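Trainee: The structure's right below; bear with me while I get my questions together.
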Amino acid sequence: MESLKTLVLSGCSKLKKFPDIVGGMECLQELRVDGTDIKELPVSIELMSGLVSLNLKDCRNLTTLPITIGNLECLQTLVLSGCSKIVKFPETVISVEDLSELFLDRTSITEVPSSIELLTKLQWLNLNDCRSLVRLPSSINGLTSLKTLNLSGCFKLENVPETLRQIESLEKLDISGTAIRQPLSSIFLMKNLKELSCRGCKGSPSSASWFLRFPINLMRWSSNPVALSFPSSLSGLCSLTKLDISDCDLGEGAIPSSIGDLCSLEELHLSGNNFFTLPASIYRLSSLLGIDLKECKMLQNLPRLPASIHWISLNGCVSLETLSDVLNLNEHQLPHLILNCVDCLKLAGNYDLALSLLKEYIKNSE
Numbered sequence: 001m002e003s004l005k006t007l008v009l010s011g012c013s014k015l016k017k018f019p020d021i022v023g024g025m026e027c028l029q030e031l032r033v034d035g036t037d038i039k040e041l042p043v044s045i046e047l048m049s050g051l052v053s054l055n056l057k058d059c060r061n062l063t064t065l066p067i068t069i070g071n072l073e074c075l076q077t078l079v080l081s082g083c084s085k086i087v088k089f090p091e092t093v094i095s096v097e098d099l100s101e102l103f104l105d106r107t108s109i110t111e112v113p114s115s116i117e118l119l120t121k122l123q124w125l126n127l128n129d130c131r132s133l134v135r136l137p138s139s140i141n142g143l144t145s146l147k148t149l150n151l152s153g154c155f156k157l158e159n160v161p162e163t164l165r166q167i168e169s170l171e172k173l174d175i176s177g178t179a180i181r182q183p184l185s186s187i188f189l190m191k192n193l194k195e196l197s198c199r200g201c202k203g204s205p206s207s208a209s210w211f212l213r214f215p216i217n218l219m220r221w222s223s224n225p226v227a228l229s230f231p232s233s234l235s236g237l238c239s240l241t242k243l244d245i246s247d248c249d250l251g252e253g254a255i256p257s258s259i260g261d262l263c264s265l266e267e268l269h270l271s272g273n274n275f276f277t278l279p280a281s282i283y284r285l286s287s288l289l290g291i292d293l294k295e296c297k298m299l300q301n302l303p304r305l306p307a308s309i310h311w312i313s314l315n316g317c318v319s320l321e322t323l324s325d326v327l328n329l330n331e332h333q334l335p336h337l338i339l340n341c342v343d344c345l346k347l348a349g350n351y352d353l354a355l356s357l358l359k360e361y362i363k364n365s366e
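Residues 1 to 366, numbered by the UniProt record's numbering, are exactly what the sequence shown covers, in order.
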C-alpha cells in the first residue's frame, strides 16, 4: 500500500475503530471514512504525512480528534460535517498551517476559539447549522485568506464581530437564519464582498434597547420594530453581485434608497417581505439581471426597472395590480423577459394588462 493515494471507506457503517497505522502510507493523499461508526482516530494518523484531504462527515459517534492531527503538514481539507458529538472546536487543527477548507457544519460546538486567527491560509469556513454556536471571536480578522464564511442556521448567534469587516479577502457571507439583533454596519462596509445572504434574519423586539444607543442618523429603522435593520448607506458594498434579504419581515421604507448604489448587483432576492412599494432607486441598478419578489403579499406595484433586467419572479404577490412600468422595457428586451406571475390574483383579472403584454410580445417578435 506504499503507493496508495486514495482510501475510501465511505458508508462502512459497521466500522467502529480505525486501525493503528504502522507505516508505509506516506503517499496517501485522500482518506474518506465518512458515514462510519468510528469513535476516534488513532494517534498514529500522523504517519499519513502526505494527507491532503480527510473526510469524517456524518461520523456521529466521533467526539474528538487526536492531537497528532496537527502534525499533518500537507492537510488542506478537513470535513467534520454532521459529527454531532463534537461539542468543542478541535483546536489541534490550529497547528495545520496549510488548512484551506474547514467544514464544521451540523456539529455541536458552542464557540470558535480566538486561536483560529492562526489559520492564515483558510479560505472556506463552514459553520452552517451549528445550533449551539453562540459567539465568534474578534480575532476572526486574522483569517486573512478567508473567502467564504457560512453561518446560516446558527440560530443562537446574535452578533458578528465588528472586526469581520477587516477580512478584505471575504467574498461570500451567509448569516441566514441567525439571531442577529444588532446593526450590521461592519458587514455593509465590506468592499470586496460579492454575495450576502440575510434570509430569515428577523431580529427581536429586545433589539430596540441597543438601537436607542446608536446615532440616530446611522440607521434607517423599519416600520416593523422587530425587522432586520440596515445602515442608511449601502455604498460600501461596491462589489456585491447577489443580495438575499428574503423573509426578514421588512415593512414599508425598510429598504434604504441607497440600494440603488449597488452598482455591481446582479441578483436581488426580496421574497416573503411586507412592503407595499420598492425604492425608485432600484432603476439605478444597471447590472441587475433578476429580482425575486415571491410571496410579497403586500406589494401593490413595481417601480421602473433597469434595462438590464432578464427575469422577475412575482409568484404569490396577491396585492399586485399593475405592471405598467414593465411594459416600458425596450423593444429588444421584452420578448426575452422571463416573468413569473403565478397566483397574482389581482393581475389575473386585469385583461387590459394581459392584452398589452401580448401585443408587445407579438410586435417585438416580428
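Beta carbons are placed, not taken as given, at the ideal position from N, Cα and C, and that holds for glycine. All of these numbers come straight from a predicted model, not from anything done at the bench.
Under a Cβ-count criterion, where at least 16 other Cβ atoms within 10 Å of its own Cβ denotes burial, should Cys74 be classed as buried or exposed?
Mentor: exposed
Trainee: Going along the chain, which unbroken runs of the alpha helix (DSSP H) with 4 or more residues stay wholly within the stretch 49-111?
Mentor: none
Trainee: Drop a sphere of 10 angstroms on the beta-carbon of Arg106, count the other beta-carbons inside from all chains shown, and report buried for 16 or more, exposed for fewer.
Mentor: buried
Trainee: If I measure Cβ to Cβ from Glu267 and keep anything under 6 angstroms in the same chain, skipping five residues before and after, which residues do I get?
Mentor: Lys242, Gly290
Trainee: For Asn61, count the other beta carbons within 10 Å of its own beta carbon; 16 or more makes it buried, fewer makes it exposed. Which is it?
Mentor: exposed
Trainee: Using 8 angstroms as the cut-off, can you tell me whether the stretch 53-67 makes contact with the stretch 26-38, which would need three or more C-beta pairs spanning the two stretches below that distance?
Mentor: Touching, yes.
Trainee: Could you pull the DSSP bridge partners for Val160 from this structure?
Mentor: Per DSSP, none; premise fails for Val160.
Trainee: Check the DSSP bridge columns for Asn150 and list the partner residues they point to.
Mentor: Asn126, Asp174
Trainee: With a threshold of 8 angstroms between beta-carbons, can Cys130 be considered close to chain D, or not?
Mentor: Absent from the structure: chain D. Only one protein chain is present.
Trainee: If you follow the beta strand (DSSP E) that Arg199 is in, where does it begin and where does it stop?
Mentor: It is not in any beta strand (DSSP E) - Arg199 carries neither H nor E in the DSSP assignment.
Trainee: Quick check: Leu305 and Leu314, are their CB atoms within less than 8 angstroms of each other?
Mentor: No, Cβ-Cβ distance for Leu305 and Leu314 is not below 8 angstroms.
Trainee: For the beta strand (DSSP E) holding Leu339, just list the boundary residues, first then last.
Mentor: Here the beta strand (DSSP E) through Leu339 covers 338-340.
Trainee: Please report how far the alpha carbon of Val342 lies from the alpha carbon of Cys198, in whole angstroms.
Mentor: 25 angstroms
Trainee: Measure the alpha-carbon distance for Ile175 versus Met48 and round it to whole angstroms.
Mentor: Rounded to the nearest angstrom, the two C-alpha atoms are 36 angstroms apart.
Trainee: Span of the beta strand (DSSP E) holding Leu243?
Mentor: Its beta strand (DSSP E) spans residues 242-244.
Trainee: Looking only at its chain, what residues have a beta carbon closer than 6 angstroms to the beta carbon of Cys296, apart from the 5 residues adjacent to it on each side?
Mentor: Asn273, Cys317
Trainee: Can you give the Cα-Cα distance for Leu159 and Lys5, rounded to whole angstroms?
Mentor: It should be noted that the sequence gives Asn, not Leu, for residue 159. For Asn159 and Lys5, the gap between their C-alpha atoms comes out near 42 angstroms.
Trainee: Is Asp249 helix, strand or coil when you go by DSSP?
Mentor: coil
Trainee: Which residues in the same chain as Leu146 place their Cβ atom closer than 7 angstroms to its Cβ, once the five residues preceding and following it in sequence are excluded?
Mentor: Leu122, Gln123, Leu125, Ile167, Ser169, Leu170
Trainee: Would you list the residues sitting across from Asp292 in a DSSP beta bridge?
Mentor: His269, Ser313
Trainee: I believe Gly70 touches Thr92 by the beta-carbon criterion, under 8 angstroms. Please report the beta-carbon distance rounded to the nearest angstrom.
Mentor: 5 angstroms
Trainee: Looking at C-alpha atoms only, which residue of Lys294, Ser281, Ile338 is the closest neighbour of Ile309?
Mentor: Ile338
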